[in-house]
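In this text, residue positions in the sequence shown follow the numbering used here: the first is 18, and each later residue adds one. See structure below.
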Amino acid sequence: MDTIVSNEESVACTGVIDYDYEATECWGKNDICDRGRGDGEGEVEEVDFFKEKGKSLTLIEEIVALAVEQRELQGTGKAFESVLGRCQRLCYDLKDLLQPYQERGALLDAHMADLTSPLIAFIVDQVSRKDPHAWPKSCHLICSTPYLIFKGLSKAPFGHFPHEISLIEPVLDQAEVLLVTESDNKGSEALEGWESNCTTALQGHCERLHRAAALCLARLIAREDILQNSVKNDFFAQLSALSDIALVSEDVNGERWSCILVAHQLSKLPTLRNMPNSELIAIVQAASRAWGLRGVPKKVVVALCGRICAELVDRECPDRVRQARQQWRYRQAGGRRLCSPLPQEALSDAKKERVDDELTVGEFTMRESVQNLVEDVIGEILLPSLEDPVTVVRWAAAKALGRVSNVLPSAAAVDVLAALTPDGDDGLRSLGSAHRLHGTSLAVAEMLRRLGSTALAFDSPESLESLLDKVARPAFECQGLAATRDAACFVLWAVARGVCDQEIVSRNLDMILRLLVCSSLLDPNIVVRRAASAAAQEVVGRLGCTTADDAGFLFVNLVDYWTVANRTHAATTLLGDVTGKLCVGDPHLVPFVLDHLCRLHLRSPDKKTRELAARSIGAVVPFVDEGHLSEYISHTLLPASLEEAASHPTTFRHGALLAVSEVVVACENLVRRDGSRSGKILDTPTITLIRNVVPKLEKARLYRGRGGEMIRAAACSLVQAVFYARSCIPLKPNTIPRYIQSINSSIRHFTAAVQIAAAEALMALVVCRPGEVTIDEITKAEADYVKKLEVSDENVAARRGYLLALAVLTRAREAPPQPEVVSLFIREATGWPEHPISKDVVDAETRRWAVVGLLAVAEKGGSEVAAEVVRALVRCMVIDYATDTRGDVGRWIRQDAARGVSALVALALAGGLSSWWREALLADETLAGLIAASVSRLNHVRVVALRGIEDIAMGRRRQEGGAFALVYESIRKGYEASPRIQVYPPVVAEDLTESPTWPTLWGGVLSLYREQPKMSPFLAGLRAIGEFPEARDKLTILSSLVSSTGSLSHAVSRDASAALTQSLKNDDSLRADLAGLLLLLRREITTVAVFPTRADRDGRFAVPWLTTLELLLDRELLSLGEDQVAEVTKAILSECRGSRNVGKLRECAACLSTLYFGMLSVKVEARTAIKEALFGRLLCHGFPKVRHATAKVMYEKSLQCAREEADDETFDMIIETDWTEDKTAWEEVHSKICSRVGVQASADEEVPISLSAPSHVFGYADFVKEEYR
């Protein structure tokens, strides 16, 4: 862990923290990370003795020697980076050497002195140089090495030290023994020398030595066996000198505050209780004066003052009071209940009087000097520190207040609590400071959890209610700082633990549960939600439950650490369950939750939070009183939706509109479940207001400005909810045309979320109000969309909206779609790489919605278009490889088509489609397309297609919503669309009289996936090639498999290559078939793929094809005849000739070298052509990378060759020449090589490759324009 810690921050870690001020990487961080390894890679060898001691000592000596060398180089101003790097590498070696002893530290116990002495000697020598501004860069490495040694100790370090100090405590013990007892000086001289060294270290730049030196000085100061302790005298002299520093500027270097660090370490030692009051008071007074000095960490001063003040007050407390407090705390913590196996008996009157005496005896009087000192520390240091912007300072102040209040007299502790929550402060809301809210909450919780005198302040339910209202609730509602809300949970946990009378907590249980419901279920931070659930369990556990109907029991039975992990589930489903159970006993719970959501979450700047808050309101609606619901809508949500931006920000208007939509949907669901409530949930004025929201928004032009598209999408969601609520909200005849006009204006919007919301509103209108909307209105809207899609200069974003609207209308209507709509979907889905209308309208997102429209046609269309639609879907699944600045956008179309086709096939086998559609879907081309997608080079497409094939093979029916819903929902997730309503009619499969069957070919191919579900998809796809009778289906799969074998992704290429080699090793027939298919694939590639440009062909086919060919030729996995070898040679030379693609030329060089030096029988003419290409063109190519790759691969292949193709001197010249240099550096050598092998160097010319093929060869030609140059 490499962390830089400032003076006001504290970092809790389990290892030594490196303070690297000039970006020198710390070697210790890798050591920390290695401890997190699990089984497997991080396993170490089991050892029985420290057998690496000699090696370890040698490494330590070398580390120290390099550190000394680096120090000397740095002192003379010379370069030292190489020496520092060697020192760091040796530290890595030492880490690896000691790794086996991490779990068996006892083996190192006897060798500590030998291992640490050289390191401590270097540290001592460095701090004694009296040059604090010249610390060497190797100092942090030397200081980290002792931690590396001591972290494997079998015994925990002794003493009360914080975790970061305890790690270096063994080093301090060793250093103290070395310097004090073994020094040549005696007595005070040794102490003075050690004091000088530590003081120098405190003024240096190494923070680790600051802590080490401060701890050592604190130990020396606390020693009572030295009569004349000069270190102690010097320490208090430095404290007194702090009063001479009036301004921060007088201590520019921060050299006079180091004594505060020593005092902080001194306050942690157990010997603090032996120091006299005068010394403790002097330390506190000095710390108070150091509050504003440069470099003094505030957290150190706060913690120091808190510890010492607590010690001073505790000394003032009489023994009888201390004993009474201990007895009371024991009883309050439940000690008797835990120790006694029998139930507790009720307290008698005498016992109650004795308990009261114990509580009242908590009062005592302190001396005036101590009282004034404590009051000054609390008022001037601790309370202001609760507002500090640094979190650790606030935590330190809260803990310090808890320690001090724990020992104060009861009245004084209550006064401290009153100072935190003054009556004039309106629940801290007027402060506007999340930092103070956080600090105050922490302080209150710390004061309560320690079971001190503060707990006595809550002697009535009203007092606890006041605390909840002033501290807990404002902290829970602080949206700017999650730590504040977490601290509020801490307060409630401490209330359950520290308040004296459980009856007082029980009387406020309703308020506590309201706060916890809102926090545990609605908070956006998972840490806060889980903290609230833990606080609820503490509250309920302390109070106890008598029956299963107790509110606390019902709450903790539903809400726990795991159930609140999913934010959406917690804020919707779980909120409804909890509210339904708790609102019976607490009628104010639902209004409290609604008010919390409206005031905080609907106003949140985060869009997701507002959407989830609206859904939460919808989940609570069933438990709202009918009269209160109309009032809540008309007085809270609707005004927020329609007010001007000056009074209501756009975010609140957006949240209010979504909330109204969810309320309307929830009311409709209630009426549908209980028809008797129709007309009783929403009154007529509220219904009128809801109907007029969207027209008023448009009239006031509230769509304009920043966030207008967000408001427009929310308005469309409201229209959708109104259409859905046919039982709650009746519509007038002229209202629907007005809404359709609003929807049309949003359909052509440039934002996808607005278009989706508008299209879903149209679907809700057609599905939910079929009797209120006429067929002519819908037909007119469809005709208008089709007409605008025929315009060549229409905006691309508007075209997306029109196509989406046609798709959802096709799915929503009961009648089959019009022929022109089907033709439009086919044209748009296959509109790549050229569009019949214009090249400017080619758009991937438009094609996605066209694919969705084709799926809707498949679920609603007639039989005459079945074959045509299926062919279009299959083409989209295997052909569309469009790219733009966003990357492979064609992947969206291929993925959606694969998901939709697999769902349609499953639906057809379940009887959900007619026999014509079943026949069209179960064609061989469909299965070949799915398998080709399952061996795709992209993980997204491969996973989707493979899952679809497995569903079909295993007989898993995906009928919920049909293929349209499946693909539409997957696309919708990618856009920030508003929450939707499930309104489209589900596709119900027909019951078949016999089990579903598929063609024989399908049965044979799908058995590969059914019998071995864990088989590699590439291996299954390769084996499936032989099952298809048609060559075009074989080539469809093989082209995708070849593309994966030559993929740039190492993982995909590795898996595909492994599948090829595994299948071809022992299958001679497959070798011969695959050889012929590879040659056929190159000749007929344009029948199964479309390449708009030459570069696209090289990247998607030529380079992967050459890579696959070289792999199979090199491993002798292809059975090639003499004519096939000649054809392969001709094909490679054709790809090489005139190409400017570096990757392609490198693969050509590899293939030609494999042929030239391999075992295949190559004709003389072909061998001569290969030799001319290798030596005459590629070896002298204009691209340095091509020359270098050619020379390298030729040399490697020649070493594997059994024939003598050239003499050794020729290849020595090839490998010894730097082919990446300029032509003058290798031209002469190349001439010699060409003369020795008998070829002549020639310049390569670019020759175009035809990208066309006869259209009659493949069935996709009807959809592909194939003449591309």
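Using N, Cα and C, we set each Cβ at its ideal position, and we do this for glycine too.
Beta-carbon proximity check, residue i vs residue j, cutoff 7 Å
i: Glu679; j: Ala732; result: no
i: Gly1160; j: Pro1121; result: no
i: Leu286; j: Ala327; result: no
i: Ala417; j: Leu399; result: yes
i: Arg453; j: Glu404; result: yes
i: Leu1123; j: Leu1052; result: no
i: Val330; j: Val424; result: yes
i: Arg708; j: Tyr720; result: no
i: Thr626; j: His618; result: yes
i: Leu1039; j: Ser1080; result: yes
i: Val1000; j: Ala781; result: yes
i: Ser1057; j: Val952; result: yes
i: Ala676; j: Leu646; result: no
i: Leu939; j: Trp1015; result: yes
i: Glu527; j: Asp603; result: First, the amino acid is wrong: residue 527 is Asp here, not Glu. Yes, these two residues count as a Cβ contact at 7 Å.
i: Ser744; j: Val688; result: yes
i: Glu876; j: Phe981; result: yes
Boundaries (first-last residue) of the alpha helix (DSSP H) holding residue i
i: Trp1015; result: Trp1015 -> no alpha helix (DSSP H), and no H or E assigned at all.
i: Trp934; result: Ser932 to Leu938
i: Lys1214; result: Pro1201 to Gln1217
i: Leu1126; result: Val1120 to Asp1131
i: Arg1184; result: Val1181 to Lys1188
i: His452; result: Ala451 to Arg466
i: Glu685; result: Thr667 to Arg690
i: Phe97; result: Run containing Phe97: none; DSSP gives neither H nor E here.
Chain-order list of residues whose beta-carbon lies under 7 Å from that of residue i (same chain, five-residue window excluded)
i: Arg524; result: Pro478
i: His1205; result: Trp1236 and Thr1237
i: Leu779; result: Ile760, Ala822, Val825 and Leu826
Per DSSP, cross-strand counterpart(s) of residue i
i: Gly904; result: Asp901
Same chain, Cβ closer than 8 Å to residue i, five either side skipped, listed in chain order
i: Leu465; result: Thr471, Ala472, Val508, Ala511, Val512, Arg514, Gly515 and Val516
i: Arg817; result: Ala769, Gln772, Asp860, Glu862, Thr863 and Trp866
i: Glu1127; result: Glu1164, Ala1167, Cys1168 and Thr1171
i: Asp700; result: Ser647
i: Phe381; result: Glu333, Cys334, Pro335, Val338 and Pro426
i: Cys1218; result: Phe1174 and Gly1175
i: Ala500; result: Thr408 and His455
i: Ala1112; result: Asn1158
i: Ala263; result: Legend: pLDDT at Ala263 = 44, less than 50; position of this residue unreliable, value from coordinates given subsequently. So the list is empty, once near-sequence residues are dropped.
Close Cβ partners of residue i (< 6 Å) along its chain, the five nearest in sequence each way excluded
i: Asp567; result: none
i: Leu955; result: Arg908
i: Leu111; result: Leu76
i: Gln388; result: none
i: Thr1207; result: Ala1166, Leu1195 and Leu1196
i: Gly204; result: Only weak support exists for where Gly204 lies, its pLDDT of 42 falling under 50; the value from the coordinates is given anyway. If we look at Gly204 and ignore the five residues flanking it on each side, it has no Cβ neighbours.
i: Leu599; result: Ala568 and Leu606
Contact between the region 496–508 and the region 575–588 (3+ Cβ pairs under 8 Å): no
Three CB pairs or more closer than 8 Å across the region 987–1001 and the region 933–946: no
Touch test, the region 966–973 against the region 805–812, Cβ-Cβ under 8 Å, three pairs minimum: no
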